[in-house]
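Read through the structure below, which is laid out as structure tokens, and then see the notes.
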Amino acid sequence: MELFLNRISDGLSNGATYALIAMALVMIFKATTLINFAQGEFAMFGGFIALVLATEQGIPMWGAVFGSMVITAVCAAGIERTLIRPFDPSDHLPLVIITLGLFLGINALAGIIWRFDPRAFPELFPSGNALTYGTATLSWYTVGTLVTIAVVSGGLTLLLNKTKIGLAFRAVSSNLESSELVGIKVGPTLQFGWAIAAAVGTLGVCVFVASPFRQLEPNVMVTGLIFAVSAAALGGLDSLGGAIVGGLAIGLVQSIAVPYLGIPSELSLLAAVVVLMLVLLFKPSGLFGTPQVERV
Amino acid sequence: MSDTNTPSDTTTPTDLVLDVKGLEGGYGQIQVLHGLDFHVADGEIVVILGANGAGKTTTLRAVSGMIPRTGSVKLRGDDISNAKAPDLVRQGVAHVPQGRGTLPELSVEDNLRVGAYIRDDNEIDADIDQWFDVYPVLRERKNQRAGSLSGGEQQMLAVSRALMSRPSLLLLDEPSLGLAPIIVAELFERFAEINKETGTTMLVVEQNAQLALGIGDRGYVLESGEIFTEGPADELINDDAIRKAYLGV
Amino acid sequence: MATKSPKFLFTQGTNRYRAYKFAGFALLTLLILIVAFAYNDTGSITLFDNDYKFSITRVTKSISFMVAILGLQVVAGFTGQLSLGQGFFFGTGAYVSAYLVADQDWAWFTSLLVVIPVCFLIGLLFGIPALRIKGLYLALVTLGMAAVFPSLIKLDFLLDYTGGAAGKQVDSDFIPPSWLPLDGIVDALHTIPLIGQYFGEGEGLSSKEEQRVWTFFLMTILALICFKVVSNLIKSRPGRAMRAIRDNETSAAVNGMSLAFHKTMSFGVASALGGVGGMIYVAELGIASEGDFTQLISILFVVGMVVGGVGTLSGAVLGGLVIAFIPDWASSTQNLPGVPERWLQGPTGGLILGVGLIVVTFVLPGGIIAGVRKIRGRIVQVLPETPALMPGVAGAAPLEPVSAQVSGGLDGGPTTADDD
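Chains as they are written, first to last, in this note's numbering: chain A, 1 to 296; chain B, 1 to 249; chain C, 1 to 420.
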């Protein structure tokens, strides 16, 4: 029983990262129906920037994380303006190629700048356990990740529903032509989407590697992206709430199904891919997405 | 085709909210409009009629800058021939596209709010309330997803949204399309009321000639991208040729 | 549209044209010979203190990539289904052939008798969900498949077959037949004035060198066969159906082409080619290890296809060369004037390819091949054979070389069989 609880705790904290990266993917998908294949790499790069800010500039850890979120947001906005905007938004394929190029390039750049040795990432949450029940523990880390999701979710909800730019973003996600007709400038609105997505992604990676069991290195998000994509698809590619549910679900599947169904841990990635395939085959709008998500 | 100039419009250029000359435009290689001249004076309701494919919707889209076009388009004397869609609303032109163009995932209230996007005064909430007064159905459904509204309700929403920007010129693209006759009749009554009460100038593109001419001051009839005839609404409605072709009489 | 009249004008079907084509083939053969013998691990070029080694093994590696990219061209370039999972089949081919050769004592080429059908079938199976999952979503799912491959290799119950994380070593070399006068050819090449000296030092070839050259020849022939097969496929009815599907699925279906058949077939063919590429790779390298078959190689294949030229055969050749050599050259470049050494270490090749991919999409969407064709179009132009019905119309309006665009549906330019 206690082992089971520990597994749930692990699953939730892993799932929290997938949820955050999934939310980033959903932000961009909502506005453009594009999946940013480089999202994980943006986030990883942001993680490194946070590390650099903390270790080389001596900024306290959370400050470094926020600083990095701002920096990655600005960079992502720049990337949208220069590399994405020139293309017709309804034509996906050149944009897929561009994001693949970014994936390769950013991954390589991180490898060149910071090499591939894993680095310890300072802790963001108090160490130790919040609750203990026999040998089952609920670490502050897990609590911290869940609180982070709640805060991000709340923040995004406020941002999208109570601000003018949030309204513009939702409008553009809903009907591009009508948005232009009411005077919304689509380009800067999309930039805003990319910026927020990058910031959320960065936070996701920082939270992920702040665990005492994990370290930061350039390939940290290469398979993580697949989990995040499955999570986003499961939840519904245009649903931020769905991304959270999907992320936590995938995290739990990983930590529970794997040991209990005797699936070798090697195959948790396969499980995620199978989930992705099943969702896309049978319910492309996922659990909470709007049914027109199938905009092939 | 020749246009029949009627001497009844004695408007001077400064009264013209919209003055279009030699408008040409189309989609890629297909040119739909072949040099249109028309104008809308302050406070008027002008109607553009024509059969399917005559180029009515294209005309509005061209005026709105949604498709590439050539020719001169002047808004109250200012040349807007090169303006793009998002800028036009800042100049006081609101366009209700064909099919309503509601933002389906947003709530009814958000749809109205986004209509006021270009405004930053503090009367937006008051305006929203006012439109809820005009169309109480919208108030009932104000938190519902706009996509769940019926066609007629969406049309009311679309028009209110357009008017939230307090435009001086309202472009309406086939408002009756897909709606039941009773709803359409009410809709058009409201348009006439809005025009009378707020003085909003309107350019309405319609297939339903009867209704449109019923509220219009003047009309143009479009055929194959050219103006076939024009004149005051009551003359057009009594014109035999028009009646045969468009009113099925 | 060529504004100057081209220097050479050929009309298809004439003898002059045939001579032109023959000259092209002859040049190609000569090039292959030169590459084979000159690139024999005997030297390097030194630029700015960097040592760029020549090695025919690298060329053979690039051939394996060319065949894999060729497969990708079939499913993506010609049928319009972007697959980020070609690495899965590359790896499958590698492991299957490694197992058969190492553990079952088969010959490499005999292993193809298993590799090709197995990969083809897995590809067909894969093509079935691909009927419902399209475009971006297909790319996502195939990326997932590519990512999963290393984990599958490391599964416990497959350990005996795959060698797990340590990899599967294969010690089987290609021994050239004794009747082949390789030494004699090398001696003959040495006598060529000026460039003779580049064909290796000393008399004849060591046995290792001979093996490498022989491997290279065999693989080149295998690759040529693959390219010829695809070239015929493209020009055949199924091939035209595939291209019709790429350009507009709805109208293709309306015209009576079976979407399901052609789409799954294209996956099958692409996967089979991927498998063949994998076999070439492991035959050359001598070991199959899972680290070589991650998402990265799948993405690199796409890079190669796009940079070379989507929907073209010669684009696959160029693409294979690009992804084999650029990372190689980039890592050999440790010294550049003005650049601190620190920045030249690490995966510079990956950075160049990533940036290159983006640049190509902006500047040359049809890939390098499109650029080459444009230039060639100014010098040489080929007119189609005029039908017998219109005797007086010889030399009508010249054909414009159509540049391929990387855009919706992965449009490719017309494929011509005169390359490779």
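Built from N, CA and C at the ideal position, the CB exists for glycine as well. Note that the structure is predicted; figures quoted are calculated from it, not measured.
Asked	Found
Just verifying my parser: in three-state terms, what is the DSSP assignment at ALA180/B?	coil
What number of angstroms, rounded off, separates the C-alpha of GLY164/C from the C-alpha of SER151/C?	9 Å
If you follow the beta strand (DSSP E) that ARG256/B is part of, which residue opens it and which one closes it?	A query on residue 256/B cannot be resolved here, the shown segment of chain B reaching from 1 to 249 and no further.
Which residues of the segment 161-187 of chain A have a Cβ closer than 8 Å to any Cβ of chain B? Give them in chain order.	LYS164, LEU167, ALA168, ARG170, ALA171, SER173, SER174, ASN175, GLU177, SER178, SER179, GLU180, LEU181, VAL182, GLY183, ILE184, LYS185, VAL186
Give me the DSSP bridge partner(s) of VAL70/A.	None, per the DSSP bridge assignment.
Taking the Cβ atom as the reference point for each residue, do SER127/A and TRP140/A lie within a distance shorter than 8 Å?	yes
Under 9 Å, CB to CB, which of the residues in the segment 227-259 of chain C have a partner in chain A?	none
Any Cβ of chain B within less than 8 Å of the Cβ of THR189/A?	no
With a threshold of 8 Å between beta carbons, is THR33/A in contact with chain B?	no
Name, going along the chain, the residues of the segment 274-291 of chain A whose beta-carbon falls closer than 8 Å to a beta-carbon of chain B.	THR290
In the DSSP output, what is PRO232/B paired with across the bridge?	ARG218/B
With DSSP run on the structure shown, which of helix, strand or coil describes VAL89/B?	helix
Listing by chain order, which chain A residues have their CB less than 9 Å from the CB of TYR117/B?	LYS164, LEU167, ALA168, ALA171, SER179, VAL182, GLY183, ILE184
Would you check if there are 3 or more beta carbon pairs closer than 8 Å linking the segment 68-78 of chain C to the segment 302-322 of chain C?	yes
Helix, strand or coil for THR312/C per DSSP?	coil
Could you list the residues in the segment 95-107 of chain A with a C-beta less than 8 Å from some C-beta on chain C, going in chain order?	VAL96, ILE97, ILE98, LEU100, GLY101, LEU102, PHE103, LEU104, GLY105, ILE106, ASN107
Would you say ARG115/A and GLY277/C are within 8 Å of each other, going by their C-beta atoms?	no
Starting from the beta carbon of ARG115/A, find every residue of chain C whose beta carbon is closer than 7 Å, and list them in chain order.	GLY346
Whose CA, out of LEU234/A, LEU216/A, LEU20/A, lies closest to the CA of ARG119/A?	LEU216/A
Answer yes or no: do SER72/B and SER81/B have a C-beta to C-beta separation smaller than 8 Å?	yes
Given this structure, state the Cα-to-Cα distance separating SER64/C from ASP292/C, to the nearest angstrom.	13 Å
Kindly say whether GLY247/A, judged by its beta-carbon, lies nearer than 8 Å to any beta-carbon of chain C.	no
Please confirm if the segment 178-196 of chain B is in contact with the segment 54-69 of chain B, defined as three or more CB-CB distances below 8 Å between the two stretches.	no
Between which two residues does the beta strand (DSSP E) harbouring LYS53/C extend?	50-53
Given this structure, state the Cα-to-Cα distance separating ALA253/C from LEU276/A, to the nearest angstrom.	28 Å
Taking Cβ-Cβ distances shorter than 8 Å, what residues in chain A pair up with ILE299/C?	LEU100, PHE103, LEU104
For PRO86/B, return the contacting residues in chain A, with the cut-off set at a CB-CB distance below 9 Å.	SER179, GLU180, LEU181, VAL182, GLY183, ILE184, LYS185, VAL186
Name, in chain order, the residues that DSSP records as bridge partners for TYR27/B.	ILE30/B
Residue range of the alpha helix (DSSP H) that SER139/A falls in?	Element bounds for SER139/A: not the alpha helix (DSSP H) but the beta strand (DSSP E), 136-139.
Taking 8 Å as the CB-CB limit, is GLY338/C close to chain A?	no
What residue range does the alpha helix (DSSP H) around GLN39/A cover?	39-57
Since ALA197/A and ILE28/A are thought to touch, with beta carbons under 8 Å apart, how far apart are those beta carbons, to the nearest angstrom?	5 Å
Just to check my reading of the structure: VAL114/C and TRP108/C have Cβ atoms closer than 8 Å, yes? What is that Cβ distance to the nearest angstrom?	The pair is not a contact, with the Cβ atoms about 12 Å apart (cut-off 8 Å).
Is the distance from the Cβ of VAL170/C to the Cβ of ALA98/C below 8 Å?	yes
Quick one, which of VAL306/C, PHE267/C, MET219/C has its alpha-carbon nearest VAL322/C's?	VAL306/C
Would you verify that the beta carbon of ARG18/C is, or is not, closer than 8 Å to some beta carbon of chain A?	no
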